[in-house]
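Structure, as structure tokens:
Numbering (the working numbering), first residue to last: 61 to 314.
Below is the structure:
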């Protein structure tokens, strides 16, 4: 199954570094012998992961058309996290919650890139609706560069209800919309926060927008009207990181 696979040298290396326990086996093209391939095999063996040499035809079948660069890894199945798991997860977080909510991102590349941004920013989890959202496939994992194996991902049945429960847990829900009056940089993002972004083209759905505590827009100085959702996710997440860093630095000087 494609959703159990990681394809590409960099993505497989990242997964082996971050979460080797999830990797069941690795296949490497018999005709490839370079430093990066050797690094994959050495790391896999050091982690106790089986390494198989295979012809390109087998790798092509495993990858189901995804570009694999001669390296494919198979994942062990992980339990699906749902809305029922989210309340306990949030209450057990050691720091100030920072969550990313994606309302209907349907491109697997974009989903993977959002997971990568969430990992880089130190977001505690990504939340997506169960329906009308891209599945986590080999394409997603490749774009995520290992983040799909490290960032907790929750699939929820009813996104508006999930947001309400997050509000009841004390988390501020901040939606991103280019029609908002408030500029992103004017919003206070230092407290418990869930940043909500809409899908490609359509943006936030009506019920999702109505559930938000506030809406912000990313100021655009050029001719384009909007950013790719993964870029917007990175901008919003790192503005929250910046504000928290500044607040932490100021408090430590007092």
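We put the beta carbon where it would ideally sit given N, CA and C, even for glycine.
These numbers come from a predicted model, not from an experiment.
Going along the chain, which residues of its own chain have a beta-carbon closer than 6 Å to the beta-carbon of residue i, five neighbours each way excluded?
{"i": "residue 211", "result": "175, 178, 179, 186"}
{"i": "residue 170", "result": "289, 290"}
Please return the same chain residues whose Cβ sits closer than 8 Å to the Cβ of residue i, not counting the five positions on each side in sequence.
{"i": "residue 145", "result": "214"}
{"i": "residue 236", "result": "244, 255, 256, 257, 258, 264, 275, 276, 277, 278, 292, 296"}
{"i": "residue 231", "result": "150, 157, 159, 252, 253, 254"}
{"i": "residue 69", "result": "96, 97, 100, 129, 130, 131"}
{"i": "residue 242", "result": "274, 275, 276, 277"}
{"i": "residue 216", "result": "142, 143, 146, 187, 188, 189, 190, 222"}
Going by DSSP, which residues form a beta bridge with residue i?
{"i": "residue 187", "result": "161, 214"}
{"i": "residue 277", "result": "243"}
{"i": "residue 111", "result": "86"}
Roughly how many angstroms separate the alpha carbons of residue i and residue j, rounded to a whole number?
{"i": "residue 310", "j": "residue 149", "result": "29 Å"}
{"i": "residue 205", "j": "residue 99", "result": "16 Å"}
{"i": "residue 166", "j": "residue 202", "result": "16 Å"}
{"i": "residue 218", "j": "residue 89", "result": "43 Å"}
{"i": "residue 191", "j": "residue 65", "result": "22 Å"}
{"i": "residue 283", "j": "residue 303", "result": "28 Å"}
{"i": "residue 82", "j": "residue 155", "result": "26 Å"}
{"i": "residue 173", "j": "residue 123", "result": "19 Å"}
{"i": "residue 299", "j": "residue 117", "result": "45 Å"}
{"i": "residue 189", "j": "residue 163", "result": "7 Å"}
{"i": "residue 108", "j": "residue 138", "result": "19 Å"}
Quick one: what does DSSP say residue i is sitting in, helix, strand or coil?
{"i": "residue 272", "result": "coil"}
{"i": "residue 284", "result": "coil"}
{"i": "residue 125", "result": "coil"}
{"i": "residue 294", "result": "helix"}
Within its chain, find whatever has a CB closer than 7 Å to the CB of residue i; leave out the 5 residues flanking it on each side and keep chain order.
{"i": "residue 78", "result": "206, 209, 210"}
{"i": "residue 105", "result": "111"}
{"i": "residue 233", "result": "223, 226, 227, 254, 256, 271, 272, 273"}
{"i": "residue 153", "result": "184"}
{"i": "residue 134", "result": "64, 65, 84, 85"}
{"i": "residue 200", "result": "168, 171, 172, 194, 208"}
{"i": "residue 72", "result": "66, 86, 100, 131, 133"}
Q.
Restricting to runs no shorter than 3 residues, where is the beta strand (DSSP E) found entirely within the segment 132-181?
A. Here the runs fully enclosed are 158-163.
At 3 residues or longer, and completely inside the segment 191-265: list those beta strand (DSSP E) runs for me, N to C. The qualifying runs are 213-216, 232-236, 253-258.
- request: Write down every uninterrupted run of the alpha helix (DSSP H) in the segment 64-93 whose length is 4 residues or greater and which is fully enclosed by it, in chain order.
  value: 69-78
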